[in-house]
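Residue numbers (the numbering used here): 3 to 421. Structure record follows, encoded as structure tokens.
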């Protein structure tokens, strides 16, 4: 099974020379739009517009955009690992507790024992991998369902955190760790005037331009590959329109960040992780095996996929990403606390499903999970800006999650009915 998902937009309902319209597509002026793959981005844009109006533009102010990224970075990191696990047909309920215990370990090493921060960070990441290997062994090789193993892990590692910390937090962290969590890149090339917008960091703007060029090149090559295999692709004019919209979004965010305090270091880390994991999921054998396992386990086994090994390693990966998120969260608060990571697993799971992951597995994108996490972040931030109580925020987030999963089930039923 290929990990490459259908194109978001294809030529016509019968653009392949008479093939029937695919379920999940709607016709827009001679073009068919795949709502399943592109609907999340449309919904994200509408949510941003809605809260921009409700907050009188405060949502899109430079400082607020920076806050959204920094305050939700750890959930976005967890969502990257969670989407891979869900694609493979599993779940991980322990990531919040792993965030807490790895943050506590980092604090003990750096603060109490005086271990140099690079070595302490390395030890913490290795510990996260060991935790993931522990859970992956019981799931992959012993055959216990991931739900049970990670539920046990949620309790076990929370108890271990409380044993290490008690009711006390440990801090403060070294400046370098706090900079990774809360800091910003320096103005290496100085500022450049942007007219009525004022000054902006030139280095940040150049990074944004490079990111846009990379995105366009990657999408153009993907389009060319699909065309070479005889798959339907969107017209050049529509492709240019999509790239222009994506470029405008990236440039807007970068300009706003460059006007505030430049690029957050945690955003740089996130960009590297998203790029690396997107390439892994879409361009490597291991990534395609993850999709194959979630799409049809029996077919994957018969095709020679080493299912146990793949499942084991995606849980190791989840442990490593949880450790990174644990250090970033602790660094942001400047202490490791016993309640760290509470409900992080729910936020990461919600981000994956809102971002397009299928309940049955086999479907999902890393970029989609990031988008789902940002939708939750914008809802949290926007409703906070308009003064909504916490119970109303939870109500809206619950409705959004239910709607996303209901849409996935609906499109699957339409697919089944069309066969």
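C-beta atoms are modelled at their ideal positions from N, C-alpha and C, and glycine is treated no differently. Keep in mind it's a predicted model, so treat the numbers as computed, not measured.
(request) Would you mind reading off the limits of the beta strand (DSSP E) that contains residue 109? (result) Where residue 109 is concerned, there is no enclosing beta strand (DSSP E), although the alpha helix (DSSP H) it sits in stretches over 97-109.
(message) Spatial neighbours of residue 187 within its chain, please: C-beta separation below 6 Å, excluding the five flanking residues on both sides.
(response) 264, 265
(request) Please determine, among 294, 173, 327, the residue with the shortest C-alpha to C-alpha distance to residue 90. (result) 294
(request) Taking the CB atoms as reference points, tell me whether residue 78 and residue 383 lie closer together than 9 Å. (result) no
(request) Starting from residue 174, follow its DSSP beta bridges and name the residues at the other end. (result) BP columns for residue 174 are empty, so no partner.
(request) Could you tell me how far apart the beta carbons of residue 363 and residue 296 are, in whole angstroms, since I believe they sit closer than 8 Å? (result) 3 Å
(request) Would you identify the three-state DSSP class for residue 30, choosing helix, strand or coil? (result) Low confidence applies here, because residue 30 scores a pLDDT of 48, under 50, leaving its location unreliable and the question unanswered by this model.
(message) Just list the residues that DSSP pairs residue 338 with in beta bridges.
(response) 172
(message) Using the Cβ count rule (16 or more neighbours within 10 Å means buried), how would you classify residue 373?
(response) buried
(request) Would you give the residue range spanned by the alpha helix (DSSP H) that residue 220 belongs to? (result) 204-230
(message) In whole angstroms, give me the CA-to-CA distance for residue 270 and residue 277.
(response) 11 Å
(request) Ignore the nearest five residues each way along the sequence and tell me which others in residue 210's own chain have a CB closer than 7 Å to its CB. (result) 252, 253, 256
(request) On the DSSP bridge assignment, give the partners of residue 194 in chain order. (result) 202
(request) Look at residue 69 and residue 378 and say whether their C-beta atoms are less than 9 Å apart. (result) no
(message) Suppose you measure from the CA of residue 315 to the CA of residue 56; what does that come to, to the nearest Å?
(response) 44 Å
(message) Helix, strand or coil for residue 120? Go by DSSP, reduced to three states.
(response) helix
(request) Could you name the residues of the same chain whose beta carbon sits closer than 7 Å to that of residue 332, not counting the 5 residues immediately before and after it, in chain order? (result) 105, 108, 109, 175, 338, 342
(request) Check whether the segment 319-332 touches the segment 131-151, counting contact only when three or more Cβ pairs, one atom from each stretch, lie closer than 8 Å. (result) yes
(request) Please confirm whether residue 387 and residue 46 have their CB atoms less than 9 Å apart. (result) no
(request) Have a look at 184, 177, 149 and flag the residue whose alpha-carbon is nearest the alpha-carbon of residue 334. (result) 184
(message) Taking only three categories from DSSP, how would you classify residue 64?
(response) helix
(request) Have a look at 395, 344, 299, 326 and flag the residue whose alpha-carbon is nearest the alpha-carbon of residue 125. (result) 326
(request) Using the Cα positions of residue 32 and residue 237, report the straight-line distance between them to the nearest angstrom. (result) Low confidence applies to residue 32: its pLDDT is 47, below 50, so where it sits in the model is not reliable, and the reading given next is rough at best. Going by the C-alpha atoms only, they are around 11 Å apart.
(request) Could you pull the start and end residues of the alpha helix (DSSP H) that residue 244 belongs to? (result) 238-262
(request) Indicate the three-state DSSP secondary structure (helix, strand or coil) for residue 186 in the structure shown. (result) strand
(request) Measuring alpha carbon to alpha carbon, tell me which of 371, 140, 167 ends up nearest residue 154. (result) 140
(request) Identify, in the order they occur along the chain, each residue of the same chain with its Cβ nearer than 6 Å to the Cβ of residue 392, setting aside the five sequence neighbours on each side. (result) none
(message) Rounding to the nearest angstrom, what Cα-Cα distance links residue 172 and residue 144 in this structure?
(response) 37 Å
(request) Look up residue 147 in the DSSP assignment and give the residues it is bridged to. (result) In DSSP, residue 147 forms no bridge with anything.
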